[in-house]
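**Q** Residue numbers (the numbering used here): 227 to 913. The beta-carbon is built from N, C-alpha and C at its ideal position, and this holds for glycine as well. Dropping the structure in here first, questions after.
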Amino acid sequence: MVGASLFAVHDARHAAGALSWRLSGERVTLGSGPGNEIVLPDPQVGRQHCVLQKGADGWRVTDLGSGRPLMVDGHHVSSAPVSPESQIRVGPWRLTVNEDKLWARAERSFEALSVRGLGRRIGRREILSGVDFTVFAGELIAMVGPSGAGKTTLISALSGVARHDRGEVRLGGRDFHQLLAADPSLVGFVPQDDLIHPELSVEESLHYAGRLRHARALGDAPLQGEVDRVIAELGLSDIRRARIGDALHRGISGGQRKRVNLGQELMSRSTRVLFLDEPTSGLDPRSAQDIVRQVRLLADSGRIVFLVTHDLSPVVMSQVDHLLLMVPGGQVAWFGPPRRACKYFEVETPDLIFDRLEERGPEEWARAWRESAEHTQFVTARGALLGLPSFTASRAGQGGLGGRPDPGAAPRPVPGSMDQLRALTARYARVKLRDRDGLIVLAAQPVMLAAFIFLVFPAATAGAIFMVSLSCLWFGMSLAVRELIADRGIHERERRVGVGLIPYLGAKLGVLGALNIAQCGVFTAIVFVLMGLGGYGFDLAPLIAVQVLTGFVGVCLGLAVSAWLDSSEGAVGSLPLLLIPNICFSSVLVSIRDMSFAAEVLTWVTPARYAFDLSLKMGERLSEAGRVPGRWELRSMTGPLYELGLKPADVADMGMSPMELVAALFALSATLLAVAVAGATRSRERR
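Structure below.
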């Protein structure tokens with residue numbers, strides 16, 4: 227009975243062997259629906275999947291917006307020419323075109339995700355134990371359970387984010403994690419929070435998501451086609467150019483943001499398993515219903531969809547195929563249709579199941595489930611239908627990340643580091659330019675600080691030059707100190723599809739560096755004019771270059787702090803802790819010569835010390851207060867440098883040369899960037 231019902235839901239494949247059709251005409255549609263010239267029955271095939279068109283150069287296959295993979299010679303395509311040697315993959319069907327004849331061969335297997343004996347232990351605590359179930363393509367699974375039941379752990383184990391100790395996961399009969407090593411986009415994860423940039427429009431957000439998931443060879447036109455496909459699939463056409471917005475800046479509705487959040491994952495056409503974490507959280511009932519119906523359509527298009535939810539209302543349960551109930555200890559207490567779950571737990575509606583869980587301990591519920599007739603029907607029989615070899619504990623330890631790619635899996639062409647860097651930089655620049663309030667503050671800072679320095683220092687003293695350097699260091703730190711925290715969740719999500727840490731940091735550094743150049747350049751130029759620094763032997767261009775370098779060190783310092791902290795409040799609170807030591811150990815308050823040994827050692831790792839020294843050596847003279855109040859006298863730069871402890875007593879010895887100071891600042895920048903990389907790597911591993 228189970229086998230018969232499954233074959234009824236999942237159309238039986240054609241018998242083994244090749245089928246052929248004569249291609250009459252110049253346009254032939256293929257799909258699972260009856261309206262096609264060639265019908266390929268299978269849940270992995272779209273109702274109208276693709277079209278073969280004959281032109282002057284031969285046949286070309288083009289996707290019809292099916293939302294399912296179309297492959298030519300192992301590569302995902304939207305449209306591609308085909309030759310007699312080309313192999314087209316549509317669902318389980320392998321197609322070849324020879325003159326005016328189409329040959330097709332189908333693999334006789336179900337597309338299914340099968341989990342057997344999955345377990346994970348941390349120390350002596352079992353957080354996942356004996357998880358068994360099988361899910362077929364086109365099915366929607368509601369994953370429910372009380373807090374601490376192991377739902378997040380199970381998702382991490384299934385998606386390859388965390389290792390499991392025992393058991394295996396197979397997709398289509400092959401090790402799922404080996405398939406993921408070849409193509410990370412097989413899995414899509416939609417988090418509960420809307421991890422999207424509110425400054426972008428719907429279309430822009432999907433465009434950049436696609437650019438990060440597809441190799442550059444895809445081209446702009448096919449990529450735009452993918453964006454159009456997702457927008458149409460999610461019903462976002464009316465708001466495609468609307469700004470997403472957030473709680474502070476009004477944009478699209480909460481339900482629409484959820485759909486855009488979901489659309490990020492659908493930009494990977496090869497996604498076959500989709501996890502959604504509480505997609506209806508925070509939505510009004512109407513929007514929640516729309517999202518659940520949309521998720522149902524995603525499953526109907528041939529994907530395997532897991533819906534993590536606490537909502538067991540009839541509206542949600544009517545859309546799901548099976549309920550996966552987890553209990554504390556990472557154990558399964560039920561897997562099967564929601565209606566049968568009500569009968570099993572002797573309740574009228576699924577939302578009353580949680581009340582029954584309090585009547586027994588988790589181990590009792592798990593044991594009762596394993597010994598039940600329903601377990602045999604919905605777990606054992608479904609797994610046996612696949613004809614897969616049983617999973618045993620002897621294979622333990624092979625799960626998780628790091629497995630070798632399956633030799634039968636064609637690696638998906640993914641963007642290289644430079645392609646990722648370009649896409650991330652373009653997106654980040656657009657996000658920063660859309661932040662109008664932030665741009666106003668960035669533009670006001672150089673003007674206001676330059677005016678303050680001019681008001682306080684009527685002449686170019688050592689203190690004035692120090693404030694110029696300190697201000698530029700501040701510009702850089704304040705630019706970057708929250709940046710890695712602000713979109714850490716977005717990067718963690720994109721890391722799942724292969725976005726690297728170095729391109730991510732490189733994009734941050736590039737955009738923040740450009741803003742730093744603008745701020746420091748404008749600020750230094752204003753100070754130069756207001757204080758007449760040209761009369762003190764300073765040249766504008768070298769002085770701007772020095773201050774830009776100082777600001778760049780500040781950017782690196784801010785990124786290093788941002789990489790190691792988890793909250794924006796903590797990052798902002800750290801700014802005084804960074805700024806005050808730079809003042810204390812710079813030599814402007816106390817000469818280095820008069821400092822203790824420990825303090826003098828700390829000056830060698832203080833950016834402001836080198837920046838101040840280098841700024842002074844860009845000029846020839848400074849002002850100092852004369853004996854008559856209100857009068858200022860010029861003196862050679864050697865005097866102030868000696869008094870500050872930046873040069874020895876020998877008149878000819880000016881201390882560190884400008885090139886040595888530049889090298890020291892670059893060395894500090896490189897060290898701080900290494901600290902940022904280490905912090906970001908640590909953050910990734912903790913997640």
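(1) Let me confirm a value: residue 510 is counted as buried when at least 16 other C-beta atoms fall within 10 Å, else exposed. Which label applies?
(2) Could you check the C-alpha separation between residue 573 and residue 566 for me, to the nearest Å?
(3) From residue 818 to residue 889, what distance separates their C-alpha atoms?
(4) Return the CA-CA distance between residue 894 and residue 605, expressed in angstroms with no decimal places.
(5) By DSSP, does residue 369 sit in helix, in strand, or in coil?
(6) Are residue 592 and residue 559 touching if we call contact CB-CB under 8 Å?
(7) Residue 328 to residue 316, Cα distance in whole Å?
(8) Less than 8 Å separating the beta-carbons of residue 501 and residue 381?
(9) Using only the alpha-carbon positions, how far apart do residue 658 and residue 664 sit?
(10) Hey, how far is the Cα of residue 372 from the Cα of residue 506?
(11) Taking the alpha-carbon of residue 279 as reference, which of 678, 302, 267, 307 has the nearest alpha-carbon?
(12) How is residue 378 classed by DSSP in three states: helix, strand or coil?
(13) What does the alpha-carbon distance come out to for the pair residue 654 and residue 436?
(14) Where does the unbroken alpha helix (DSSP H) through residue 430 begin, and where does it stop?
(15) For the alpha helix (DSSP H) containing residue 402, list its first residue and its last residue.
(16) Where does residue 830 sit, in a helix, a strand or coil, going by DSSP?
(17) Please name the residue in 539, 580, 325, 779 whose C-alpha comes closest to that of residue 899.
(18) Quick check: what's the CA-CA separation for residue 830 versus residue 811?
(19) Take residue 808 as the anchor and find which of 281, 428, 826, 609 has the nearest alpha-carbon.
(20) Under DSSP, the beta strand (DSSP E) around residue 262 begins and ends at which residues?
(21) Counting along the chain, where does the beta strand (DSSP E) carrying residue 859 start and finish?
(22) Considering residue 644, what are the terminal residues of the beta strand (DSSP E) in which it resides?
(23) Inspect the beta-carbon positions of residue 746 and residue 784 and report whether they are closer than 8 Å.
(24) Compare the beta carbon distance of residue 695 and residue 838 with 8 Å and say whether it is the shorter of the two.
(25) Decide yes or no for the touch test of the region 684-694 against the region 792-808: beta carbon pairs closer than 8 Å, at least 3 of them.
(26) Which stretch, first to last residue, makes up the beta strand (DSSP E) that contains residue 499?
(27) With the cut-off set at 8 Å, would you say residue 344 and residue 357 are in Cβ contact?
(28) To the nearest angstrom, how far is it from the Cα of residue 427 to the Cα of residue 467?
(29) Can you grab the Cα-Cα spacing for the pair residue 352 / residue 570, in whole Å?
(30) Residue 487 to residue 420, Cα distance in whole Å?
(31) Cβ of residue 502 within 7 Å of any heavy atom in the ligand COA?
(32) Should residue 876 go down as buried or exposed, given a rule of 16 or more other Cβ atoms within 10 Å for buried?
(33) Given a threshold of 16 other Cβ atoms within 10 Å of its Cβ, counted over all protein chains shown, does residue 439 qualify as buried or as exposed?
(34) Mark residue 540 as exposed unless 16 or more other C-beta atoms lie within 10 angstroms of its C-beta, in which case mark it buried.
(35) Can you list, in chain order, the stretches of the alpha helix (DSSP H) that have 4 or more residues and sit fully within the region 540-588?
(36) Could you pull out every residue in the same chain whose Cβ sits closer than 6 Å to the Cβ of residue 610, ignoring the five residues on either side in sequence?
**A** From the atom records:
(1) In the assembly as shown, residue 510 is an exposed residue. Its beta-carbon has fewer than 16 other beta-carbons within 10 Å.
(2) Roughly 10 Å separates the two Cα atoms.
(3) 20 Å
(4) Their Cα atoms are separated by approximately 59 Å.
(5) Correct three-state label for residue 369: strand.
(6) yes
(7) 13 Å
(8) yes
(9) 8 Å
(10) 17 Å
(11) 307
(12) helix
(13) When only Cα atoms are considered, residue 654 and residue 436 end up about 15 Å apart.
(14) Counting along the chain, the alpha helix (DSSP H) containing residue 430 begins and ends at 428-439.
(15) 402-408
(16) coil
(17) 779
(18) 9 Å
(19) 826
(20) Careful: residue 262 lies outside any beta strand (DSSP E) and carries neither H nor E.
(21) 858-862
(22) Where residue 644 is concerned, there is no enclosing beta strand (DSSP E), although the alpha helix (DSSP H) it sits in stretches over 643-660.
(23) no
(24) yes
(25) The answer is no - the region 792-808 does not touch the region 684-694, with fewer than three Cβ pairs under 8 Å.
(26) 499-503
(27) yes
(28) 5 Å
(29) 26 Å
(30) Taking C-alpha positions only, residue 487 is separated from residue 420 by approximately 6 Å.
(31) Of the ligands one can find in the structure shown there are none, so the ligand COA has no counterpart to examine.
(32) Around the beta-carbon of residue 876, fewer than 16 other beta-carbon atoms lie within 10 Å, marking it exposed.
(33) Buried.
(34) Around the beta carbon of residue 540, fewer than 16 other beta carbons lie within 10 angstroms, which makes this residue exposed.
(35) 540-543, 564-571, 579-583
(36) none
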